[in-house]
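A.B. asks:
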Amino acid sequence: MAGVPIVSLNGVLLVTIQEELLDQSVAEFEQELTEKVVETRARGVLIDVSVLDIIDSFLARTLHDIAAITSLMAARTVVVGMRPAVAITLVELGLTLPGLETALSVEEGLSLLSPAPGPARTARP
Amino acid sequence: MTRAASTSTVAIHDEYDIVHVRHAAREAASTAGFSLVQQTKLVTAASELARNALVYGGGGQAEIVVENLGSNPTVRMTFTDKGPGIPDIDAAMADGFTTGSGLGLGLGGAKRLADHFRIESEPGRGTMVEISMSVRRIAGP
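In order, the protein sequence lines correspond to chains A and B.
The opening residue of the first sequence carries number 25 in the working numbering; numbering runs sequentially from there.
The opening residue of the second sequence carries number 18 in the working numbering; numbering runs sequentially from there.
In structure tokens form, the structure reads like this:
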């Protein structure tokens, strides 16, 4: 157990990272989350990082990997709540994480992941 | 005039120590009066370099010093390990270079985040990386 609670809510897995994680816990979390996506047939994953006051290259890479892995399992991952200082630092570090979807808040992230009314959503580029 | 306001040394032997180094860096940055963005940059650089010392150097230590409090508050961090050393520093500094599980941004990234960066490494004798960052005063109009 990585100690990161994963809540399933109407087809979306809501994950709130609540404390600084050890590298080992980050790796366990990646695996638990991936298994849970299949188990719950989730269509989306929302990872709230608003508590974190730093995101280093190891955690950033894992977030990026999770997004890539879940997309292979037909689920979209959105990272929400990144602090401005963290975003500035990641860019300066050289990590722009192309392909990682983000939203400012859990609410906005959820609306991104809610099934679009009307015609089916087209595939994202 | 150099006045060391505080010095702390953190041994780096396991993953918990990466967290300890981050906390010590955060405390030093706050003592020096860094802005939130500067604190975040310093702590992130500390995290990268502590992980490098652990993963590539087999462990070592971090020394964190707050200097020149009052005139030009500066945090200097020195990471040393007694690992295998880096045969080609230029290659190791290049983005994307990695011999481990990272992204290969540790050294180059830490250099970009800090004001000053120095590395010394000798094959078979370990590696020393020193970075420092001073309080950025926003110039008046």
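The C-beta atom is built at its ideal place from N, Cα and C for all residues, glycine as well.
On a predicted model such as this, the values are computed, not experimentally measured, just so you know.
For the region 126-157 of chain B, which residues have a beta carbon sitting closer than 9 Å to at least one beta carbon of chain A?
C.D. replies: Hits within the stretch, in order: Gly126, Ala127, Arg129, Leu130.
A.B. asks: Can you tell me whether Gly125/B is buried or exposed? The criterion is at least 16 other CB atoms within 10 Å of its CB, across all chains shown.
C.D. replies: When all chains shown are included, Gly125/B counts as buried.
A.B. asks: Glu147/B lies in the beta strand (DSSP E); which residues open and close that run?
C.D. replies: Note, Glu147/B: beta strand (DSSP E), 143-151.
A.B. asks: If the cut is a Cβ gap below 7 Å, which residues of chain A does Ser64/B touch?
C.D. replies: Ordered by position in chain A, the residues that pass the 7 Å Cβ test against Ser64/B are Ile78, Asp80.
A.B. asks: Using a Cβ cut-off of 7 Å, pull out every chain A residue sitting near Val60/B, in sequence order please.
C.D. replies: Within 7 Å Cβ-Cβ: Ile78.
A.B. asks: On the premise that Asp98/B lies in contact with Gly77/B, defined as a C-beta separation below 8 Å, what is that separation, rounded to the nearest angstrom?
C.D. replies: Confirmed, about 3 Å.
A.B. asks: Name, in chain order, the residues that DSSP records as bridge partners for Arg135/B.
C.D. replies: Note: Arg135/B sits in a beta bridge opposite Glu147/B.
A.B. asks: Quick one: Cα of Glu139/B to Cα of Pro101/B, how far?
C.D. replies: Near 8 Å, if we compare the C-alpha coordinates of Pro101/B and Glu139/B.
A.B. asks: My parser needs the alpha helix (DSSP H) runs of 4 or more residues fully inside the region 50-96 of chain B; what are they?
C.D. replies: Within the region 50-96 of chain B, the complete alpha helix (DSSP H) runs of at least 4 residues are 53-72.
A.B. asks: Could you check how far apart the C-beta atoms of Val61/A and Ala99/A are, in whole angstroms? I think they sit under 8 Å.
C.D. replies: About 5 Å; that satisfies the 8 Å criterion.
A.B. asks: Tell me which residue opens and which closes the alpha helix (DSSP H) that Leu137/A is part of.
C.D. replies: Residues 130-137.
A.B. asks: Mark Asp80/A as exposed unless 16 or more other C-beta atoms lie within 10 angstroms of its C-beta, in which case mark it buried.
C.D. replies: Classification of Asp80/A: buried, given that the 10 Å Cβ count is 16 or more.
A.B. asks: Alpha carbon to alpha carbon, what distance is there between Ser95/A and Thr166/B?
C.D. replies: With chain B running from 18 to 158 in the structure shown, residue 166/B is simply not present.
A.B. asks: Tell me the rounded alpha-carbon separation between Glu52/A and Ile35/B.
C.D. replies: Taking the straight line joining both Cα atoms gives about 18 Å.
A.B. asks: Quick one: give me the first and last residue of the beta strand (DSSP E) that Ser32/A is part of.
C.D. replies: Element bounds for Ser32/A: 30-33.
A.B. asks: With a 10 Å radius around its C-beta and 16 neighbouring C-beta atoms as the bar for buried, classify Asp105/B as buried or exposed.
C.D. replies: Exposed, since its Cβ has fewer than 16 Cβ neighbours within 10 Å.
A.B. asks: Scan the region 34-99 of chain A and note each continuous alpha helix (DSSP H) run of 4 residues or more that stays entirely inside, going in chain order.
C.D. replies: Segments of the alpha helix (DSSP H) lying fully in the region 34-99 of chain A: 47-64, 81-96.
A.B. asks: Nearest by alpha-carbon distance to Gly35/A: which of Arg67/A, Gly27/A, Glu44/A, Glu43/A is it?
C.D. replies: Minimum Cα distance to Gly35/A is reached at Arg67/A.
A.B. asks: Going by the beta-carbon positions, is the gap between Ser23/B and Thr48/B smaller than 8 Å?
C.D. replies: Yes, these two residues count as a Cβ contact at 8 Å.
A.B. asks: Let me know the secondary structure DSSP gives Ile26/B once reduced to three states.
C.D. replies: The residue you asked about is not Ile; residue 26/B is Thr in the sequence shown. Here Thr26/B sits in strand by DSSP.
A.B. asks: Mark Gln42/A as exposed unless 16 or more other C-beta atoms lie within 10 angstroms of its C-beta, in which case mark it buried.
C.D. replies: Counting Cβ neighbours within 10 Å, Gln42/A comes out exposed, since fewer than 16 surround it.
A.B. asks: So if DSSP puts Ala102/A in a beta bridge, which residue, or which two residues, is it bridged to?
C.D. replies: In the sequence on display, residue 102/A carries Val and not Ala. Val102/A pairs with Leu70/A, Glu125/A.
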